[in-house]
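Below: one structure, written as structure tokens.
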Amino acid sequence: MNSLFRFLALLIFTFSLLTSVVLAQQEDDPDNPRTWKYFKIYARADDDSIFITGQDDMGIEPKLESYTIVVNLMDGNSQNQFVVLGDEADPSAQRYAWSQLSKKVQDGLINWTGTNKENMNSKRLDYASVFLDVIRQIKIKELVAPPKRERTIRSTTAYINPYFQLFGGERLGIPLKRSIGFTFGIGNKYSAPFESDLVSIGMNIIGVNISYNTTIDNLNTHTIDKAAGDNYPWKQYNNIFSPLRAIELSYVIPLGNFLEVGVLSDIKYGGYSTSALGPQYKFYENGDTTKQLPNNVLKGTYLNVEFRYPFRMFGSTRSQVYVAYYANETNIGLITRESRLAGAVFDFRTNITLQKIRNFQILLEIMVSNIGEGFALNSFAFGPSIRLSKTESGRFGVITAFVNARFKLGDFFDEREKK
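For the sequence shown, our numbering gives the first residue as 2, with consecutive numbering after it.
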């Protein structure tokens with residue numbers, strides 16, 4: 002009986018030991034991305050050369066600027082290890098053998114430690130996870146970092162911008178040959194949806210931008226019910242009314258992409274002025290006709306100045322902070338494109354307009370990307386855009402709440418030399 006007991010005890014001990022060894026081989030250290038055997042990377046070509054070389058290994062043509070790659074090395078048999086381009090749950094997603102990738106790319110993926118690498122194994126959650134899970138994934142070195150693309154710091158190529166935003170934001174910049182290209186935008190850089198009626202098309206030549214500005218009728222006004230006093234869904238005050246025809250000239254000082262000066266002037270047409278006509282209706286604070294809610298109606302000539310600093314935030318492709326004096330108003334803000342945090346890819350914009358002609362206001366805008374697959378992965382983003390200022394009640398509140406969208410029309414990047 003004792004012999005049987007000892008045999009069973011030895012058998013259980015041996016089985017437990019073998020099980021623990023196998024589990025130890027498969028277990029990931031959640032704090033060490035190099036140990037992960039099942040992970041996802043939200044890759045960009047400009048993150049590292051392995052994300053270009055890897056596409057060569059997989060035979061992807063034309064090259065993708067952004068893509069998602071899933072790596073599964075859970076099976077000890079190398080023949081069963083694989084990578085997936087795109088969403089693993091999508092049956093149409095392209096699947097490749099792990100062995101198809103070169104040793105350099107394999108090592109690069111395994112040893113990648115950026116915040117865009119996500120552990121696909123089940124996480125170990127604790128009581129603090131609900132508050133700290135996102136914070137734990139933030140790495141100080143990726144919170145704020147220098148630009149990666151030379152074009153973003155040069156005065157002659159700073160205009161190049163593959164992102165077209167439906168309302169406001171930086172103008173789309175399409176190069177013909179690096180320092181020569183076209184720009185286009187709706188609204189100005191600092192405006193929210195339905196805040197400005199401006200439409201601008203221009204040409205950039207070695208840091209000089211010449212734009213023709215006009216307006217879209219009723220973009221920031223609409224017919225209202227006079228009896229009910231309805232002013233919904235967007236307000237017709239604290240807006241910018243642009244000249245019917247205007248020329249805007251700007252120049253980036255050729256010491257780097259940090260200081261831009263310019264002038265905006267309406268155009269005389271025959272004997273008539275083409276300055277802005279202003280809003281159709283007037284609104285007052287608490288019905289007091291001595292307290293009209295203001296607009297900025299542009300007439301004449303304006304000197305514009307912007308100081309900006311390009312950088313990267315949360316691994317973004319394009320970010321900058323700025324202080325600007327535009328159309329007789331001071332703006333302070335932040336713009337970031339394709340930032341990555343906790344598996345999410347998003348654009349963020351905030352702008353503060355100081356009180357002078359119009360009331361003090363704050364713009365907050367966040368747009369979610371990483372929705373499609375392949376070329377569509379980051380080709381569009383959309384989300385809420387909210388403008389806060391003094392309302393008709395005299396209190397600080399929402400005066401515009403709408404959806405904004407941006408589209409990535411191309412990347413205009415040169416592949417780096419493969420190492």
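Just so it is clear, CB atoms sit at the ideal spot from N, CA and C, and this is done for glycine as well.
None of these values were measured; they are calculated from a predicted model.
By the 10 Å Cβ neighbour count, where 16 or more other Cβ atoms means buried, how is residue i classified, buried or exposed?
i: Tyr-282; result: exposed
i: Asp-32; result: exposed
i: Ser-79; result: exposed
i: Val-404; result: exposed
i: Val-106; result: buried
i: Gln-1; result: Outside the shown range of the chain (2 to 420) lies residue 1, about which nothing can therefore be said.
i: Glu-151; result: exposed
i: Lys-178; result: exposed
i: Gln-56; result: buried
i: Val-71; result: buried
i: Thr-337; result: buried
Quick one: what does DSSP say residue i is sitting in, helix, strand or coil?
i: Gln-82; result: coil
i: Val-22; result: Per-residue confidence for Val-22 stands at a pLDDT of 44, beneath the threshold of 50, marking its modelled position as unreliable; no derived number is given.
i: Met-368; result: strand
i: Asn-120; result: strand
i: Gly-203; result: strand
i: Met-59; result: helix
i: Phe-315; result: coil
i: Ser-197; result: strand
i: Asp-289; result: coil
i: Pro-385; result: strand
i: Glu-249; result: strand
i: Ala-280; result: The sequence shown places Pro at residue 280, rather than the Ala named in the question. Three-state result, Pro-280: coil.
i: Asp-267; result: strand
i: Gln-27; result: Only weak support exists for where Gln-27 lies, its pLDDT of 49 falling under 50; the coordinates are left without a value.
i: Leu-260; result: strand
i: Asp-108; result: helix
i: Arg-35; result: helix
i: Glu-393; result: coil
i: Phe-52; result: helix
i: Ser-100; result: helix
i: Leu-144; result: helix
i: Arg-172; result: coil
i: Glu-151; result: helix
With the cut-off set at 7 Å, would you say residue i and residue j are in Cβ contact?
i: Thr-215; j: Arg-246; result: yes
i: Glu-143; j: Gly-344; result: no
i: Phe-183; j: Met-204; result: yes
i: Leu-335; j: Val-324; result: no
i: Ser-180; j: Thr-153; result: no
i: Val-85; j: Trp-99; result: no
i: Pro-176; j: Asn-258; result: no
i: Asn-352; j: Asn-329; result: no
i: Phe-408; j: Phe-381; result: yes
i: Arg-388; j: Leu-355; result: no
i: Tyr-160; j: Gly-169; result: no
My guess is that residue i and residue j are in contact by the Cβ rule of under 8 Å, so how many angstroms apart are they, rounded?
i: Tyr-39; j: Leu-74; result: 7 Å
i: Leu-304; j: Phe-242; result: Going by Cβ atoms, the distance from Leu-304 to Phe-242 rounds to 19 Å, so no, they are not a contact pair.
i: Thr-291; j: Ser-266; result: About 33 Å separates the two Cβ atoms, so there is no contact after all.
In terms of alpha-carbon separation, which member of the options lies closest to residue i?
i: Ile-367; options: Asn-360, Phe-383, Ile-353; result: Phe-383
i: Leu-110; options: Asp-88, Gln-82, Ile-51; result: Ile-51
i: Pro-194; options: Lys-178, Asn-287, Arg-319, Asn-239; result: Asn-239
i: Gln-115; options: Gly-169, Ser-340, Leu-365, Pro-92; result: A quick correction: the sequence has Gly, not Gln, at residue 115. Cα-wise, what sits closest to Gly-115 is Ser-340.
i: Phe-315; options: Gln-95, Leu-167, Pro-147; result: Pro-147
Could you check if residue i belongs to the surroundings of the ligand PLP, using beta carbon to heavy atom distance under 6 Å?
i: Gln-101; result: In the structure shown, the ligand PLP is absent, as is every other ligand, since no ligand is present at all.
Can you find a CB in chain B that lies within less than 7 Å of the CB of residue i?
i: Phe-403; result: Protein chain content of the structure displayed is limited to a single chain, and chain B is not contained in it.
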